[in-house]
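**Student:** If you read the sequences in order, they're chains A and B.
The letter at position 217 of the first sequence is residue 926 when you use our numbering, and the numbering goes up by one with no holes.
The letter at position 172 of the second sequence is residue 1062 when you use our numbering, and the numbering goes up by one with no holes.
Positions of the beta carbon are idealized from the N, C-alpha and C atoms, including for glycine.
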Amino acid sequence: MTARLFDKVWDRHVVATPADGPALLYIDLHLIHEVTSPQAFEGLELAGRKVRRPDLTVATMDHDTPTIAIDKPIADPLAATQVDRLRRNCAAHGITLHALGSREQGIVHVIGPQLGLTQPGMTVVCGDSHTSTHGAFGALAFGIGTTQVEHVLATQTLRQVKPAAMAVTVQGELPAACTAKDLVLAIIRTLGVGGGAGSVIEYRGAAISALSMEGRMTVCNMSIEGGARAGLIAPDDTTFGYLEGRAHSPKGAMWERALDDWRTLATDEGAAFDSEVFVDAAAVRPAVTWGTNPAQSVSIDDTVPDPAVLGTPAERQAAQRALTYMGLTPGTPIRDIFVDTVFIGSCTNGRLEDLRAAAEVVRGRKVHQGVRALVVPGSARVRAEAEAEGLDRHFTEAGFEWRYAGCSMCLAMNGDTVGPGQRCASTSNRNFEGRQGPGGRTHLVSPAVAAATAVAGHFSTPGEL
Amino acid sequence: MQKLSKITGTAVAVPRSDIDTDQIIPAAWLKRVERTGFADALFEAWRKDPGFPLNQPGADQARVLVAGPNFGCGSSREHAVWALQDFGFQAVVAPGFADIFRGNAISAGLVPAQVTAAAADQLADALAADPAAQVVVDVAERTVSIASARIAVPFELADFAQWRLLEGLDDIGLTLRHEQEISSFETQRAPWLPVVMPTAAN
Ligand code: SF4
């Protein structure tokens, strides 16, 4: 019997297959944060239940925490209450919390991998849709709602219908000017925002194997933007190299045992997928979104598309609505679009490698007059490591704001917002209407394009500066 | 959770595709630590337009929302479901839901009734012609109907989800029936899997 990577990870977590419905799946790691957990703890306590495995549960603060003056009390009373509630819940249930100000605090999907908590073959869940990020390690990782958070707290399991398995095979080699972000935007453009619904995607092929762990996380992170339940990549030497020596990685003889197991985590030769999509890496170009969903992107060399030439009436209508919201005219060259704000950060592109790429571009240059530019590291550790390399100086000397770690302007809950009608080049993952603040206009790009755009004032690649 | 078998009432149609959870409830509202109080948050930005369907007379009485494909894409926020419920909706009828949204809806007792694209168009057209038409979402029969327009279409809903909605069952209670299996599974987990030593519980 041939099996796919997804089946292998799934099968080893099936606790029971009840006759009345979906399988009961064991959860190896449950990550929690302040925004989607309070109602879950409340439900748990009202029912008189306990957290079954506090030792498999890890909490952090990221979504509505400030990124400046983090030593001061949080000014927003609602955010302060929410953060206090998390503190109380973690203390009451014995859960490890990486609080604001601590060395391991950060965006939940950045800290899991960085601590070595995310390992091949695991199941990882979190009350956050970008939990798919952890699939980069060959883990089955997916986002859940608050009622399910409560379910995992109480039982360390979830009832889950097994999704279909989709293969996204990326052959060839990415052009030098392109990054994992450009690749995943190309994949989503191919799939459509709902194309992956009901599926877990396995990313494979030469261009995927060639990616660093950071790049793989960027790709898996955005699986949800293609509608997929999760995305995963078979672990290999790149994965093992990243994990070796991290705080929670196995050590000594246990490391060897783990490695033997992890090497079996690959799709068997000849195993068939429920659906398959092919993408040519060589055709990928630096991508910029023009619309209000992540599938609406073009190459930076292109122009704003004309809705009239799109396929179905529904697509035309959606594109027309998007262009109206974005304040764009069909036929405008992407490079001629000026921005007000540049945001570098988020669980998609807030890791050290992303900051290095952006710093390299802005080094010795200046942010264009009138552009507000922010760098928000994905975690406190990323921030510290970037400072150790002097990246912060390149940013601040160029005129960027250098912030503390968190989600920040990715979802604009903490006061870091894009103003109404303002245009932002963002390394985050969602360009939905109002995502970065009411009336704000988001264009998703890679860190390199974001940095070049900050300098040029309009969409640009580093090569053109 | 309340048992849901037959939902009867008026409906509102928002026939747009890919309605994301940031539209259903903007992030600023997620700072609340309660499960209720989200009625004003629902489609907050779109409701600023006086012509938006939810601003039409009688919309506040509606029980059913009819929408376009891939409803609820984006974030995992269950607040999107709570906001729909706080406004008064008990079912959303659409040709397709995002996976996490569908799961959250079933968890919280909002019926995600998946119909064909043609059926959704037919329902939206009938509502455009008669906004006061009575719509019935029958969970037991898995049908959506508007008798006055002679429409009766089937919808898709997995058996387990249907049963849970009909019985108003709490998932945790069901799962805890498997306590023995969970405990025995835990004895066989790989020894290298990470554990994070908990801080002392108060
Ligand atoms: S950075 Fe953005 S997408 Fe990632 S977890 Fe935070 S809010 Fe969600």
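#1: Would a check of beta-carbon distances place A:N1002 closer than 7 Å to chain B?
#2: Does the segment 988-996 of chain B come close enough to the segment 931-945 of chain B that 3 or more CB-CB pairs lie under 8 Å?
#3: From A:D891 to A:G1146, what does the alpha carbon distance come to, in whole angstroms?
#4: Within 10 angstroms of the Cβ of B:P943, are there 16 or more other Cβ atoms? Answer buried if so, exposed if not.
#5: Rank A:L809, A:L738, A:Q748 by C-alpha distance to the C-alpha of A:D773 and give the top, closest one.
#6: CB-CB under 6 Å to B:T898, same chain, minus the five flanking residues each way: which ones, in chain order?
#7: Taking DSSP's pairing of strands, which residues face A:E965 in a bridge?
#8: Can you tell me the Cβ-Cβ gap for B:L974 and B:V982, rounded? I've got them flagged as a contact below 8 Å.
#9: I'd like the list of long-range same chain contacts for A:N1123, defined as Cβ closer than 8 Å, with 5 residues on each side in sequence excluded.
#10: Quick one: what's A:E911 bridged to in DSSP?
#11: Return the CA-CA distance between A:R1025 and A:V723, expressed in angstroms with no decimal places.
#12: Look up A:I779 in the DSSP assignment and say whether it is helix, strand or coil.
#13: Which residues, taken in chain order from the segment 813-834 of chain A, show a beta carbon closer than 9 Å to some beta carbon of chain B?
#14: What are the boundary residues of the alpha helix (DSSP H) that includes B:S1073?
#15: Compute the Euclidean distance between the alpha carbons of A:V1127 and A:G1149, then round it to the nearest angstrom.
#16: How is the alpha helix (DSSP H) around A:K717 delimited, first residue to last?
#17: I want to verify the contact list: residues of chain B whose CB lies under 8 Å from the CB of A:F1141, in sequence order.
#18: Can you tell me whether A:H839 is helix, strand or coil according to DSSP?
#19: Can you name, in chain order, every residue of its own chain whose Cβ lies under 7 Å from the Cβ of A:I779, other than the five neighbours on each side?
#20: Does any heavy atom of ligand 1 sit closer than 6 Å to the C-beta of A:D785?
#21: Please list the partners that B:T1006 has in chain A, where partner means a Cβ-to-Cβ separation under 7 Å.
#22: For ligand 1, is there any heavy atom lying closer than 6 Å to the beta carbon of A:S1055?
#23: For B:H969 and A:R868, I'd like the C-alpha separation in whole angstroms.
#24: With DSSP as the reference, identify every bridge partner of A:L1153, one or two as the case may be.
#25: Mind pulling the alpha helix (DSSP H) runs of 4 or more residues that sit fully within the segment 1033-1061 of chain B?
#26: Rounded to whole angstroms, what is the Cα-Cα separation between A:F949 and B:F977?
#27: Of the residues that make up the segment 1098-1112 of chain A, which ones have a beta carbon closer than 8 Å to any beta carbon in chain B?
#28: Over the uninterrupted beta strand (DSSP E) stretch that includes B:K896, give me the two end residues.
#29: Is A:D716 close to ligand 1? I mean its beta-carbon at under 6 Å from any heavy atom of the ligand.
#30: Given 6 Å as the limit, tell me if A:C1133 has its C-beta closer than that to any heavy atom belonging to ligand 1.
#31: Quick check: B:F1045 and B:A1003, are their CB atoms within less than 7 Å of each other?
#32: Just to check my reading of the structure: A:P972 and A:A845 have Cβ atoms closer than 8 Å, yes? What is that Cβ distance to the nearest angstrom?
#33: Opposite B:D1028 in the DSSP bridges: which residues?
#34: With A:G821 as the anchor, note down where its alpha helix (DSSP H) starts and where it stops.
#35: Taking all protein chains shown into account, do 16 or more other C-beta atoms lie within 10 angstroms of the C-beta of A:D1010, making it buried, or fewer, making it exposed?
#36: Exposed or buried, what is A:R797 when buried is set at 16 or more other beta-carbons lying within 10 Å of its beta-carbon?
**Tutor:** In short:
#1: Position 293 of the first sequence, counting from 1, holds the residue named residue 1002 of chain A. With 7 Å as the cut-off, A:N1002 counts as an interface residue toward chain B.
#2: Note that the segment 931-945 of chain B does not touch the segment 988-996 of chain B; fewer than 3 beta-carbon pairs, one per stretch, sit closer than 8 Å.
#3: What you label residue 891 of chain A is simply residue 182 of the first sequence in a count that begins at 1. What you label residue 1146 of chain A is simply residue 437 of the first sequence in a count that begins at 1. The alpha-carbon atoms of A:D891 and A:G1146 are separated by roughly 24 Å.
#4: Against the second sequence, residue 943 of chain B aligns to sequence position 53. B:P943 comes out buried.
#5: Within the first sequence, residue 773 of chain A is the residue found at index 64, counting from 1. The shortest C-alpha to C-alpha distance from A:D773 to any of A:L809, A:L738, A:Q748 is the one to A:L809.
#6: One-based indexing of the second sequence puts residue 898 of chain B at position 8. Same-chain partners within the cutoff: V1026.
#7: Taking the first residue of the first sequence as position 1, residue 965 of chain A is located at position 256. Beta-bridge partners assigned by DSSP to A:E965: none are found.
#8: For the purposes of this step, residue 974 of chain B is taken as the residue at position 84 of the second sequence. For the purposes of this step, residue 982 of chain B is taken as the residue at position 92 of the second sequence. Confirmed, about 7 Å.
#9: In the first sequence, residue 1123 of chain A corresponds to position 414, counting from 1. So the list reads H772, D773, T774, P775, T776, D785, A788, G1115, C1116, S1117, once near-sequence residues are dropped.
#10: Indexing the first sequence from 1 puts residue 911 of chain A at position 202. A:A876, A:L941, per the DSSP bridge assignment.
#11: Here the question's residue 1025 of chain A lines up with position 316 in the first sequence. Here the question's residue 723 of chain A lines up with position 14 in the first sequence. Our two residues, A:R1025 and A:V723, have alpha carbons roughly 44 Å apart in a direct line.
#12: The sequence position of residue 779 of chain A within the first sequence is 70, counting from 1. Correct three-state label for A:I779: coil.
#13: Correct list: L824, G825, L826, T827, Q828, G830, M831.
#14: As a working mapping, residue 1073 of chain B is identified with position 183 in the second sequence. Unbroken alpha helix (DSSP H) run through B:S1073: 1069-1076.
#15: Here residue 1127 of chain A refers to the residue found at position 418 of the first sequence. Here residue 1149 of chain A refers to the residue found at position 440 of the first sequence. Roughly 5 Å between the two C-alpha positions.
#16: The count along the first sequence starts at 1 and reaches residue 717 of chain A at position 8. First-last of the alpha helix (DSSP H) with A:K717: 714-720.
#17: Here the question's residue 1141 of chain A lines up with position 432 in the first sequence. Correct list: D910, D912, Q913, G964.
#18: Locating residue 839 of chain A in the first sequence gives position 130, counting from the first residue. Of the three classes helix, strand and coil, the one that applies to A:H839 here is helix, per DSSP.
#19: In the first sequence, counting from the first residue as 1, residue 779 of chain A sits at position 70. Only L809, G810, Y1113 meet the Cβ criterion.
#20: Position 76 of the first sequence, counted from the start, is the residue given in the question as residue 785 of chain A. No, the beta carbon of A:D785 sits no closer than 6 Å to any heavy atom of ligand 1.
#21: Your numbering for residue 1006 of chain B matches position 116 in the second sequence. Within chain A, no residue has its CB atom less than 7 Å from the CB of B:T1006, the nearest being about 14 Å off.
#22: Residue 1055 of chain A sits at position 346 when you count from the first residue of the first sequence. Yes, since a heavy atom of ligand 1 falls inside the 6 Å radius drawn around the Cβ of A:S1055.
#23: By 1-based counting over the second sequence, the position of residue 969 of chain B is 79. By 1-based counting over the first sequence, the position of residue 868 of chain A is 159. Distance between the alpha carbons of B:H969 and A:R868: 21 Å.
#24: Position 444 of the first sequence, counted from the first residue, corresponds to residue 1153 of chain A. Looking at the DSSP output, A:L1153 sits in a beta bridge with A:S1135.
#25: You should have 1049-1057.
#26: As a position in the first sequence, residue 949 of chain A is number 240, starting the count at 1. As a position in the second sequence, residue 977 of chain B is number 87, starting the count at 1. If I take the Cα positions, the gap works out to 49 Å.
#27: Hits within the stretch: zero.
#28: Within the second sequence, the letter at position 6 stands for residue 896 of chain B. Per DSSP, B:K896 belongs to the beta strand (DSSP E) from 896-899.
#29: Taking the first residue of the first sequence as position 1, residue 716 of chain A is located at position 7. For A:D716, the CB stays at least 6 Å from every heavy atom of ligand 1.
#30: Looking up residue 1133 of chain A in the first sequence gives position 424. Relative to ligand 1, A:C1133 has its C-beta separated by 6 Å or more from all heavy atoms.
#31: Working through the second sequence from its first residue, we reach residue 1045 of chain B at position 155. Working through the second sequence from its first residue, we reach residue 1003 of chain B at position 113. Using a Cβ distance threshold of 7 Å, B:F1045 and B:A1003 count as a contacting pair.
#32: Residue mapping note: residue 972 of chain A aligns to position 263 of the first sequence, counting from 1. Residue mapping note: residue 845 of chain A aligns to position 136 of the first sequence, counting from 1. Per the sequence shown, the amino acid found at residue 972 of chain A is Arg instead of Pro. The Cβ separation is near 17 Å, so there is no contact.
#33: For the purposes of this step, residue 1028 of chain B is identified with residue 138 of the second sequence, where counting begins at 1. Its beta-bridge partners are B:K896, B:T1033.
#34: Sequence index remark: in the first sequence, residue 821 of chain A carries index 112 (1-based). Per DSSP, the unbroken alpha helix (DSSP H) holding A:G821 starts and ends at 817-823.
#35: The residue given as residue 1010 of chain A occupies position 301 in the first sequence. When all chains shown are included, A:D1010 counts as exposed.
#36: Counting from one through the first sequence, the residue named residue 797 of chain A turns up at place 88. Within a 10 Å sphere around the beta-carbon of A:R797 sit fewer than 16 other beta-carbons, which makes this residue exposed.
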